[in-house]
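Novice: Before anything else, here's the structure in question.
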Amino acid sequence: MNKVTVVGSINLDHMVRTPRMPQGGETIHVHEVFSAGGGKGANQAVAIQRLGSETHFIGAVGNDDEGKMMLELLGEEGMDLSAIRILEDTVTGQAFVIVDDASENRILVYGGANMALTPEHIEESASLIESSQFVVSQFEVDLACIEKAFRIARNAGVKTVLNPAPAKKEVPSQLLDLTDIVIPNETEAELLTGIKVETEADMRACAEAFHNHGVETVIITLGSRGAYFHTKEKEGIVPAFKVDAKDTTAAGDTFIGAFMSCLQPDASNLEEAIQFGNRASSIAVQRYGAQPSIPFKEELEA
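Taking numbering that gives the first Met the number 0, I'd label the letters of the sequence shown as residues 0 to 301.
Right under this line is the structure:
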């Protein structure tokens, strides 16, 4: 069993299911509205925990009803929440998600407490990072927090995993220098490297750009095509499973969580772990919502 520390965001998602995306100035009736747990960090942590690993979370919520709800939901998963700070001067992060009948989504995010997380908070939780096999983060908290966590991990010999999402055009080179595994999608890979990802040769060129920063393993998620991987020893595409997708919200987070729960620290089972991630995300996209869609280990084994 891996021990994984996630440094990331916690959001309450407000979901709207609609026949199609509205045009500017248009009002349409919707199928359904509901709220559920979300935030890229929390989604990945839930996936890691449900799929068999010991999970610790470093993050922040507001002292409000939304924060209490998210702490209760995450607590039900059985992960360690001792490093989640409850902040008095801001509100819990929230996201507003529209999903249409074609399974396309539009997402608006208010960072709230997520963006109030500080490097000092990360330093206070250094022992969690140092005792883990992996530390994972995304771009829904301040980049200085991620850099602090990755520097602690690097000094302790802990593997660092960066999911550079939501996409940013400019990322400090020192953060990439501290990254062992990077997992962007095609858009994020293009923004970070300037290379448009269309062919396998493009993917290889993107991977080499990351390797130039010292990144050991590059995985580019390709949606319905699967995932491309590149190390200094090997490369390839692990195909996705063909399913009837209903909602792609948290599909990438589910992939990353499942991948992290399966991956050996020496990456000796890299392709197997990617396939495990593909299998988990293929289940998630057949369900609505972020955390409600993430499968449990027993479902994958069945």
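We treat Cβ as the ideally placed atom computed from N, Cα and C, and that holds for glycine.
For the structure I just gave you, are there three or more beta carbon pairs, one from the stretch 133-144 and one from the stretch 155-163, closer than 8 Å?
Specialist: yes
Novice: Going by beta-carbon coordinates alone, are Ala-272 and Ala-46 separated by less than 9 Å?
Specialist: no
Novice: Going by the beta-carbon positions, is the gap between Arg-191 and Phe-149 smaller than 9 Å?
Specialist: Correcting the residue type first, residue 191 is Leu in the shown sequence and not Arg. Cβ atoms of Leu-191 and Phe-149: not closer than 9 Å.
Novice: Would you kindly check if the distance between the Cβ of Phe-240 and the Cβ of Ser-292 is under 9 Å?
Specialist: no
Novice: Give every residue of the same chain whose Cβ lies closer than 6 Å to the Cβ of Val-15, excluding the five residues on either side of it in the sequence, and list them in chain order.
Specialist: Cβ within range, chain order: Val-29, Val-32 and Ile-97.
Novice: If I follow the unbroken alpha helix (DSSP H) through Lys-147, where does it start and stop?
Specialist: For Lys-147, the enclosing alpha helix (DSSP H) stretches over residues 142-155.
Novice: Would Phe-138 and Ala-166 qualify as a contact pair, given that the criterion is a beta-carbon distance under 9 Å?
Specialist: yes
Novice: Determine the extent of the alpha helix (DSSP H) in which Gly-74 is found, giving its start and end residues.
Specialist: 64-76
Novice: Assuming Pro-183 and Ile-219 are in contact, meaning their beta carbons sit under 8 Å apart, how far apart are those beta carbons, in whole angstroms?
Specialist: 6 Å
Novice: If you drop the 5 nearest sequence neighbours on each side, which residues of the same chain put their C-beta closer than 7 Å to that of Gly-61?
Specialist: Closer than 7 Å at Cβ, skipping near neighbours: Leu-86, Thr-89, Val-90, Thr-91, Gly-111 and Ala-112.
Novice: In the DSSP output, what is Lys-2 paired with across the bridge?
Specialist: Glu-53
Novice: Classify Leu-116 as buried or exposed, calling it buried when 16 or more other Cβ atoms lie within 10 Å of its own Cβ.
Specialist: With at least 16 other beta carbons inside 10 angstroms of its own, Leu-116 counts as buried.
Novice: At the level of alpha carbons, what is the spacing between Asn-1 and Met-68?
Specialist: 27 Å
Novice: To the nearest angstrom, how far is it from the Cα of Val-50 to the Cα of Leu-80?
Specialist: Per the sequence shown, residue 50 should be read as Leu rather than Val. Near 18 Å, if we compare the C-alpha coordinates of Leu-80 and Leu-50.
Novice: Can you pull the DSSP bridge partners for Gln-263?
Specialist: Paired residues: none, contrary to the question.
Novice: Since Arg-203 is in the alpha helix (DSSP H), which residue starts that stretch and which ends it?
Specialist: 199-210
Novice: Using 8 Å as the cut-off, classify the Cβ of Thr-253 as near or not near the heavy atoms of the ligand ADP, replying yes or no.
Specialist: Judged by which ligands are present, the structure shown has none, so any question about the ligand ADP falls away.
Novice: Let's see if you can read the secondary structure: which residues bound the beta strand (DSSP E) around Phe-295?
Specialist: Element bounds for Phe-295: n/a, residue is neither H nor E.
Novice: Please report the residue range of the beta strand (DSSP E) in which His-13 lies.
Specialist: 10-17
Novice: Which term fits Thr-198, buried or exposed, when burial requires 16 or more other beta carbons within 10 angstroms of its beta carbon?
Specialist: exposed
Novice: Quick check on the DSSP output: the beta strand (DSSP E) that includes His-120 runs from which residue to which?
Specialist: Boundaries for His-120: no beta strand (DSSP E) harbours it, while the alpha helix (DSSP H) harbouring it runs 118-123, taken from the DSSP string.
Novice: Exposed or buried, what is Ser-34 when buried is set at 16 or more other beta-carbons lying within 10 Å of its beta-carbon?
Specialist: exposed
Novice: Apart from the five residues just before and just after Glu-123, which ones in its own chain have a Cβ nearer than 8 Å to its Cβ?
Specialist: The answer, listed in chain order, is Ala-82.
Novice: Would you mind working out which of Glu-53, Asn-211 and Thr-186 sits nearest Leu-127, comparing C-alpha positions?
Specialist: Glu-53
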